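**Q** So that we are looking at the same thing, I have put the structure below in structure tokens.
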Amino acid sequence: MSSKTHWEAVIGLETHVQLNTQSKIFTAASTTFGDDPNTHIDPVVCGLPGTLPVLNQKVLEYSVKAAMALNLNIASHSKFDRKQYFYPDLPKNYQISQYDEPIAEEGWIEVEVAEKGKETYIKKIGIERLHMEEDAGKLVHAGSDRLDGSTHSLVDYNRAGVALAEIVSKPDLRTGREAAEYASEIRRIMRYLGVSDGNMQEGSLRCDVNISVRQGPNEPFGTKVEIKNMNSFSAIQKACEYEIQRQIKAYEEGEPILQETRLWDESKQFTKSMRSKEGASDYRYFPDPDLGPIEISIEQKEAWRKELPELPAQKRNRYREELGLSQYDARVLTEELAVTNYFEAAVLADADPKTASNWITGDLAAYVNSNKMTFAELPFSPESLAEMVQMIEGGKISGKIAKEILPELLSKGGSPKNIVEERGLGMISDPDTITSLIDEILNNHPEEVNAFKGGKKKLQGFFVGQLMKKTGGKADPKLSNQILNEKLNK
Amino acid sequence: MTKITEEDVRKVARLARLQLVDSEIETYTRQIEKILDYVDHLQKVNTKDIPPTTRAVEVVNKTREDNVQVSSSRDREELLELAPQREADFFRVPKIISES
Chain D
1489 MSSKTHWEAV
1499 IGLETHVQLN
1509 TQSKIFTAAS
1519 TTFGDDPNTH
1529 IDPVVCGLPG
1539 TLPVLNQKVL
1549 EYSVKAAMAL
1559 NLNIASHSKF
1569 DRKQYFYPDL
1579 PKNYQISQYD
1589 EPIAEEGWIE
1599 VEVAEKGKET
1609 YIKKIGIERL
1619 HMEEDAGKLV
1629 HAGSDRLDGS
1639 THSLVDYNRA
1649 GVALAEIVSK
1659 PDLRTGREAA
1669 EYASEIRRIM
1679 RYLGVSDGNM
1689 QEGSLRCDVN
1699 ISVRQGPNEP
1709 FGTKVEIKNM
1719 NSFSAIQKAC
1729 EYEIQRQIKA
1739 YEEGEPILQE
1749 TRLWDESKQF
1759 TKSMRSKEGA
1769 SDYRYFPDPD
1779 LGPIEISIEQ
1789 KEAWRKELPE
1799 LPAQKRNRYR
1809 EELGLSQYDA
1819 RVLTEELAVT
1829 NYFEAAVLAD
1839 ADPKTASNWI
1849 TGDLAAYVNS
1859 NKMTFAELPF
1869 SPESLAEMVQ
1879 MIEGGKISGK
1889 IAKEILPELL
1899 SKGGSPKNIV
1909 EERGLGMISD
1919 PDTITSLIDE
1929 ILNNHPEEVN
1939 AFKGGKKKLQ
1949 GFFVGQLMKK
1959 TGGKADPKLS
1969 NQILNEKLNK
Chain C
529 MTKITEEDVR
539 KVARLARLQL
549 VDSEIETYTR
559 QIEKILDYVD
569 HLQKVNTKDI
579 PPTTRAVEVV
589 NKTREDNVQV
599 SSSRDREELL
609 ELAPQREADF
619 FRVPKIISES
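Chains D and C are the protein sequences, given in the same order. So the first sequence is numbered by our numbering: it starts at 1489 and just counts up by one. So the second sequence is numbered by our numbering: it starts at 529 and just counts up by one.
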């Protein structure tokens, strides 16, 4: 087979989003993360006989809102099923999930794919379905660091029964970058909605990748491989990229691709086979007799729809079209909700959007990042930023002075106007004052004046520099240059 | 007519983690066959205009408020004690290699 064949990857993602409700999906036990093992268990969590699960109202609301934000159709009739498998992270030996009647189906999201050195493009990614299910507990393998060497396992059921929304994409993704962008857009949407914190390190957002390669867009799909264990967006991208190359190489060398689950090894940067028994997954789904079906009324749907916030893609479009920002700025500002909120508050306080955007993505972001805080915690309020931006535009202070007062504003907050007044930093824009300062400088530097008149026009910068030095950068630059021109060229 | 083979019964037993001897396989194959005969009988009923259901009592939208009831340390102790094996605050289980 020629190595010049054009291979194409076909990628789909299954994303598990932990819904941030206070209590678990079917019982009142707490969902708090990181507490002592088995502190959030009760008879329902442990699956004791005679207990009955009852659906958490908030789980339903969050799932429907998430589904609406993903442009999915909300089912008029939906039910819960039991997915049977034996593994000790599930006390009941089945997981309550949704099989053939999920809460929502057939949607899409718009993903902006940006990569260094490549043109940014927008792609619509189809979404197959969203369904509600319960999370499983956590196993600790005792006796050794490695699973192979452990003698037994210990189980913590704190996470068992925490509500999940599983979002299944269509196989519309073609590159590792697209997969990572899709996953990060899903997280952004969930955070905007406030239904999940999307923390990948704590496992509140988990992605499994299904991936195959084929020799062209019209060829049938190749054998599908599942990859798990990626805990960052860059890991998703790298795992896909590695796996695409591995599969292409296998095909070209005539090696078979096995339908299997592989684990991403972050430290070694490769995927390895889990060597699980094939054909063992026969989940024998059947409707859970303990839980009644869900039928969401049109009124309820409309009420929830009205509560949806403006979503990231809508914001990106609005920032470009109505505020005149670049695609890049719109993207950076909407990346995180705290930044977006900050920006919008500044614009609401009459800051010019483009100037506010420059400050926010520049100096402010640098400060926030180096201090490991969020924009919500920044002492410098968006209203004060607007005030400062207006002072620059109105010629009350120069950009240089703004940079000078910025450290105090960033660390302590306060009004830029007051700081400028207290420190006497206001711009000197009185022509007489500037004229007399310029006269003084020209008198003190006769040689430079002669050189200038002799043709060394570059010396204009020297005179401006002297003036700024004298005034501590407060002389109105436009006016200063104008007066200087008149003096030197007469 | 045979609806179920001994092979099917072995598979179902394996999925349910039931260890059966050959004579039991034979017995259960016969018994399940009878159950399926009865299902055949039920399927003769005309259900043309009757919507399908998954339960005997039709209830929809049974939900609860998102309120936490903190589990007491006594409840936790009781639950841990119910397990065949515990180790400190964990449930202890045999080492298992994933098959899911």
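We put the CB at the ideal spot given by N, CA and C, even for glycine. Owing to the predicted nature of the structure, the values given are computational and were not obtained by experimental measurement.
Taking any Cβ of chain C, which residues in the region 1515-1526 of chain D have a Cβ under 9 Å from it, in chain order?
**A** Taking 9 Å as the Cβ-Cβ cut-off against chain C, the residues of the region 1515-1526 of chain D that qualify are T1515, A1516, A1517, S1518, T1519, T1520, D1524, P1525, N1526.
**Q** So with Cβ pairs under 8 Å, would you call Y1773/D a contact of chain C?
**A** No, no contact with chain C.
**Q** Which same chain residues, not among the five before or five after T1608/D, have their C-beta less than 7 Å away from its C-beta?
**A** Here the set comprises E1600, V1601, A1602, Q1815.
**Q** Could you compute how far the alpha carbon of S1785/D sits from the alpha carbon of K1794/D?
**A** Answer to the nearest angstrom: the Cα atoms are 14 Å apart.
**Q** Can you tell me the Cα-Cα spacing of R1750/D and Y1730/D, whole angstroms?
**A** C-alpha separation (whole angstroms): 12 Å.
**Q** Going by C-alpha to C-alpha distance, which of N1859/D, F1831/D, D1838/D sits closest to W1847/D?
**A** Selected option, being the one with the closest Cα: F1831/D.
**Q** Anything in chain D within Cβ reach of K590/C, meaning under 8 Å, just list it in chain order.
**A** By Cβ distance, chain D contributes V1542, L1543, L1779, G1780.
**Q** In angstroms with no decimal places, state the Cα-to-Cα distance between N1706/D and M1556/D.
**A** Computed Cα separation, rounded: 32 Å.
**Q** Which residue's Cα is closest to the Cα of A1801/D: D1927/D, I1613/D, T1843/D, V1908/D?
**A** Considering only alpha carbons, the answer is I1613/D.
**Q** Looking at the C-beta of S1490/D, does it have a partner C-beta in chain C at a distance below 8 Å?
**A** Note on S1490/D: pLDDT 48, under 50, position unreliable in the model; no value is reported.
**Q** Buried or exposed: where does S1490/D fall if 16 or more other Cβ atoms within 10 Å of its Cβ makes it buried?
**A** Because the pLDDT at S1490/D is just 48, under 50, the model does not fix this residue reliably, and the value given afterwards should be weighed accordingly. By the neighbour-count rule (16 or more Cβ atoms within 10 Å), S1490/D is not buried but exposed.
**Q** Is it the case that the Cβ atoms of F1533/D and G1649/D are separated by a distance below 8 Å?
**A** The residue you asked about is not Phe; residue 1533/D is Val in the sequence shown. Contact: yes.
**Q** Spatial neighbours of I1518/D within its chain, please: C-beta separation below 6 Å, excluding the five flanking residues on both sides.
**A** It should be noted that the sequence gives Ser, not Ile, for residue 1518/D. Cβ within range, chain order: H1528.
**Q** Taking Cβ to Cβ, would you say I560/C is nearer than 8 Å to V585/C?
**A** No, Cβ-Cβ distance for I560/C and V585/C is not below 8 Å.
**Q** Is W1847/D helix, strand or coil when you go by DSSP?
**A** W1847/D: helix per DSSP, three-state reduction.
**Q** Taking only the alpha-carbon atoms, compute the straight-line gap between E535/C and E552/C and give it to the nearest angstrom.
**A** Those two C-alpha atoms are separated by around 13 Å.
**Q** Quick check on DSSP: helix, strand or coil for W1495/D?
**A** W1495/D: coil per DSSP, three-state reduction.
**Q** At a cut-off of 7 Å, is F1568/D close to the ligand SAM when judged by its beta-carbon and the heavy atoms of the ligand?
**A** As for the ligand SAM, it is missing from this structure, which has no ligand bound.
**Q** Which residue spans inside the region 1900-1974 of chain D form an unbroken alpha helix (DSSP H) run of at least 4?
**A** Segments of the alpha helix (DSSP H) lying fully in the region 1900-1974 of chain D: 1904-1910, 1919-1932, 1934-1941, 1947-1959.
**Q** Could you give the distance in angstroms between the alpha-carbon of L1540/D and the alpha-carbon of D1778/D?
**A** So the alpha carbons of these two residues sit roughly 6 Å apart.
**Q** Helix, strand or coil for I532/C, going by three-state DSSP, please let me know.
**A** DSSP places I532/C in coil when its eight states are reduced to three.
**Q** List the residues of chain C whose Cβ lies closer than 7 Å to the Cβ of E1823/D, in chain order.
**A** Going along chain C, no residue has its Cβ under 7 Å from E1823/D, so there is no contact; the nearest lies around 29 Å.
**Q** By how many angstroms is the C-alpha of E1823/D removed from the C-alpha of Q1510/D?
**A** Going from the Cα of Q1510/D to the Cα of E1823/D covers about 26 Å.
**Q** Quick one: Cα of G1628/D to Cα of R1806/D, how far?
**A** A small correction: the amino acid at residue 1628/D is Val; Gly does not occupy that position in the sequence shown. Rounded to whole angstroms, V1628/D to R1806/D spans 48 Å at the Cα level.
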